[in-house]
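Accompanying notes for the structure given below.
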Amino acid sequence: MATVDHSVWYEKGMTFGQYLESMKVNRDEMTRVYEQLEFTDEDRAVWQEVAKKNGKGIVLTADWCGDAALNVPVLQRIAEESNIEWRYLIRDENLELMDQYLTNGTSRAIPIFIFLDQEGHETAVWGPRALEVQEMITSLRSTLPATDSPDFEEKQKDLYRSFKENITSDPTIWRAVIESVKAKLQG
Numbered sequence: 068m069a070t071v072d073h074s075v076w077y078e079k080g081m082t083f084g085q086y087l088e089s090m091k092v093n094r095d096e097m098t099r100v101y102e103q104l105e106f107t108d109e110d111r112a113v114w115q116e117v118a119k120k121n122g123k124g125i126v127l128t129a130d131w132c133g134d135a136a137l138n139v140p141v142l143q144r145i146a147e148e149s150n151i152e153w154r155y156l157i158r159d160e161n162l163e164l165m166d167q168y169l170t171n172g173t174s175r176a177i178p179i180f181i182f183l184d185q186e187g188h189e190t191a192v193w194g195p196r197a198l199e200v201q202e203m204i205t206s207l208r209s210t211l212p213a214t215d216s217p218d219f220e221e222k223q224k225d226l227y228r229s230f231k232e233n234i235t236s237d238p239t240i241w242r243a244v245i246e247s248v249k250a251k252l253q254g
């Protein structure tokens with residue numbers, strides 16, 4: 068657990084409403100997940116325990132990101148149930164912070180959710196994907212033609228378009244994210 072104070076970053080961030088207003092891409096998909104997401108009683112019991120910590124957090128994201136269209140609304144709803152106030156930072160405008168949370172030590176993959184205590188110290192980090200979602204995209208990518216194939220770019224665009232539609236419309240995928248976040252917060 069880091070002892071770095073992230074309060075300055077938190078104060079710099081946008082509220083969820085401000086982030087939503089600033090979006091130019093994926094707003095409809097994100098709104099669909101946000102509005103249709105449902106929690107179980109077991110979920111709510113976990114969120115009540117998390118709420119006792121009176122935390123806050125930072126989200127590194129961008130509206131163009133398909134994973135954010137899934138994860139931001141799920142974690143925003145979790146935050147609302149858990150008394151967590153997120154502040155949203157755009158990845159490419161905050162690379163100094165982003166580079167502290169590289170995926171596999173090399174990738175600026177988003178979204179990244181940094182859970183903080185009231186003093187601004189990190190208590191947990193989640194993102195950019197639930198394991199099940201990562202396995203799904205890895206499997207799909209394996210079906211693409213070689214990168215030097217003339218139709219690679221077209222096939223890749225189609226794959227990502229289909230993947231985004233799937234992850235923002237399938238509640239079983241949303242459930243995988245919920246379970247992954249619960250495991251992180253309980254672990």
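Residue numbers for the sequence shown follow the numbering used here, so the first one is 68 and each next one is one higher.
We put the beta carbon where it would ideally sit given N, CA and C, even for glycine.
Backbone CA spacing between residue i and residue j [nearest angstrom]
{"i": "Arg242", "j": "Leu104", "result": "9 Å"}
{"i": "Leu169", "j": "Glu163", "result": "11 Å"}
{"i": "Gln167", "j": "Val92", "result": "26 Å"}
{"i": "Asp110", "j": "Lys79", "result": "30 Å"}
{"i": "Asp215", "j": "Gly194", "result": "31 Å"}
{"i": "Arg208", "j": "Arg228", "result": "13 Å"}
Residue i classed as buried or exposed, judged by whether at least 16 other C-beta atoms fall within 10 angstroms
{"i": "Leu127", "result": "buried"}
{"i": "Lys123", "result": "buried"}
{"i": "Phe219", "result": "exposed"}
{"i": "Gly254", "result": "exposed"}
{"i": "Gln143", "result": "buried"}
{"i": "Arg154", "result": "buried"}
{"i": "Thr205", "result": "exposed"}
{"i": "Pro217", "result": "exposed"}
{"i": "Thr173", "result": "exposed"}
C-beta contact flag for residue i and residue j at 8 Å
{"i": "Val244", "j": "Leu137", "result": "yes"}
{"i": "Arg158", "j": "Ala197", "result": "no"}
{"i": "Lys224", "j": "Pro212", "result": "no"}
{"i": "Ile145", "j": "Val200", "result": "no"}
{"i": "Ile125", "j": "Leu87", "result": "no"}
{"i": "Asn233", "j": "Gln185", "result": "no"}
Rounded distance between the beta-carbons of residue j and residue i, thought under 8 Å
{"i": "Asp237", "j": "Ile177", "result": "With a Cβ gap of about 21 Å, Asp237 and Ile177 do not count as contacting."}
{"i": "Ala191", "j": "Asn150", "result": "At roughly 15 Å, the Cβ-Cβ gap does not stay under 8 Å, so Ala191 and Asn150 are not in contact."}
{"i": "Glu152", "j": "Val71", "result": "Between Val71 and Glu152 the Cβ distance is about 19 Å, and since that is not below 8 Å, they are no contact."}
{"i": "Lys231", "j": "Glu102", "result": "Their Cβ separation, rounded to whole angstroms, is 17 Å, which puts Lys231 and Glu102 out of contact at 8 Å."}
At 4 residues or longer, and completely inside the stretch 124–171: list those alpha helix (DSSP H) runs for me, N to C.
At a cut-off of 4 residues, the continuous stretches assigned as alpha helix (DSSP H) that sit fully inside the stretch 124–171 are 133–149, 162–165.
4-residue-minimum alpha helix (DSSP H) runs that sit fully inside the stretch 169–244, ordered along the chain
Taking only runs of at least 4 residues, the alpha helix (DSSP H) segments lying wholly in the stretch 169–244 are 198–208, 219–234.
Which ranges would you report for the alpha helix (DSSP H) in the stretch 81–111 if only whole runs of at least 4 residues count?
83–89, 94–103
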